[in-house]
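Engineer:
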Amino acid sequence: MNQHPADLGGPLLAALDIGGTKIAGGLVDTRGTLLHRLQVPTPADGDRHVLMAAVGRVLDELSRLPDWHRVRALGIGSAGPVDIAAGTVSPINLPGWREFPLRAETAAHPAVRGLPIVLGGDAVAMTAAEHWRGAARPYRNALCLVVSTGVGAGLVLDGRLHTGTTGNAGHLGHISVDFEGRPCPCGSRGCVEGLASGTAIARTAAESGWRPGPDGDTTAAAVARAAKSGDPLALAAFDRAARALAAGIAATATLVELDVAVIGGGVATAGDVLFTPLARHLSSYATLPFTRDLALAPAQLATDAGLVGAAALARPTALGS
C-alpha cells in the first residue's frame, strides 16, 4: 500500500485482528490509514501453543517490514470474551484459548518487547474504527454493531470509547428481548443474538419452512438472496431479526442516549432486506423524545475495520492522549 507523503517518518501503530478463521496483522498511521496488511489462517483446533505460534508468525512478518522501527504501540482486537483488566481472552470459537494471557504472551515476542500493548474485543475494535474513520465519525454517542455469526457491539459515549472494566460494555447481543424465547448459550433466554445473528436468521427461515435452492445453501446469505427475490419466508426471517435488533438498539438508546447506531458484519451486507425493516421497527420501539432522532447507518470500513480498530485502541497510548 502507498504511504501518504505527510506520514513518511511519522509514528505508526501495529495492529492484530484475531478471529476464528484468520489472524491478521497490519501497520496503521496516525491518520488511520492501513499501510501494510498480512494474515495467516487461524489454526482454530490447535492448542494454546499452536494458536500463539500463529500470532508469532504474523508478528515476525510485521517486524521485518522496513517501517517497523516507527511503531509506537500495538493494538489487539480479539474474538471474545476478553478481559482487558486481566489481559486474557477466551474466544468461543478457539477452544485452545481459555483465559489465555494473550497480552502477556504477545509482550514476550522479541519484536514487541517494550511496546505498550492494548487489548480489546473485536466488536469494540470495530466500534473504535468506525468512530475514528467510518460511519460513526460525526457523532459523539454511538452504538456500533457487528451482526454476523453472533451479534457483538461497542459504545462511544461523549466522544470516547466506553469499554467497561473488562472490555465488554455494550454487549447488546445478550440483551434479552423475548422472555419466552430460545435458550441462549450464555444461559439466558430470548437474546438478541439468538434472533438476529446470521445463524439465527438461517434457523428461523428453516423452521418456518423455507427451503434452499438447487445449490443447497442454507446460510443467512442464501436467505438474504431469497428475500431480495421476494420470498415471503425469507423476508419474514429478516423481519424477525430486524425487530430483535431494533428492540436492543432502542433499549440501549433509552439507557445511555445515542446519536447513531452503525450496523456492520456479514448480515448487514444484505442491505435493504435488513435496513428497511430495521428502520420500521426502530420507529416503533424508540418512541421517547430523546430516542426518536436516532440515526441508522451501515458500517463503512468493511474488512479493514478489525486492524484499523485495533490500532485505534492503541492510539491514545502511543500519542499520549
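If you read the sequence shown in the numbering used here, its first letter stands for residue 48, the second for the next number, and so on.
Beta carbons: idealized from backbone N, C-alpha and C, even for Gly.
1. Let me confirm a value: GLY161 is counted as buried when at least 16 other C-beta atoms fall within 10 Å, else exposed. Which label applies?
2. If I measure Cβ to Cβ from THR338 and keep anything under 7 Å in the same chain, skipping five residues before and after, which residues do I get?
3. Check the C-beta distance from ALA175 over to GLY356 and give it rounded, since I have them as a contact under 8 Å.
4. Give the straight-line distance between the Cα atoms of ASN188 and TRP115, rounded to the nearest whole angstrom.
5. Return helix, strand or coil for VAL159, following the three-state DSSP convention.
6. Let me make sure I understand the geometry here. Which of GLY234, GLY134, ALA288 has the alpha-carbon closest to that of PRO163?
7. Rank THR265, PRO363, LEU354 by C-alpha distance to the C-alpha of LEU370 and give the top, closest one.
8. Just how far apart, CA to CA, sit LEU81 and ASP351?
9. May I have the straight-line CA-CA distance separating GLY256 from ALA249, to the nearest angstrom?
10. Along the alpha helix (DSSP H) that carries SER330, what are the first and last residues, could you check?
11. In the structure shown, what three-state DSSP assignment does PRO90 receive?
12. According to DSSP, is SER276 helix, strand or coil?
13. Whose C-alpha, out of LEU219, ALA358, ILE131, LEU366, is nearest the C-alpha of HIS178?
14. If you follow the alpha helix (DSSP H) that ILE248 is part of, which residue opens it and which one closes it?
15. Closer than 7 Å to a non-hydrogen atom of the ligand FMN - does that hold for the CB of THR196?
16. Determine whether the Cβ of ALA158 lies closer than 8 Å to any Cβ atom of chain C.
17. Determine the burial state of ARG207: buried for a count of at least 16 other Cβ atoms within 10 Å of its Cβ, exposed for fewer.
18. Taking Cβ positions, are GLY124 and ALA91 nearer each other than 8 Å?
19. Name the two residues that bound the continuous beta strand (DSSP E) containing GLY72.
Structural biologist: Taking the structure as given:
1. exposed
2. ALA297, ALA300, THR301
3. 5 Å
4. 34 Å
5. coil
6. GLY134
7. This structure cannot speak to residue 370, because the chain is shown only from 48 to 368.
8. 8 Å
9. 11 Å
10. 319 to 332
11. coil
12. coil
13. ALA358
14. 245 to 254
15. Absence of the ligand FMN from the depicted structure is noted, as is the absence of any ligand whatsoever, leaving it without description.
16. Of the protein chains in the structure, only one exists, and it is not chain C.
17. exposed
18. no
19. 69 to 76
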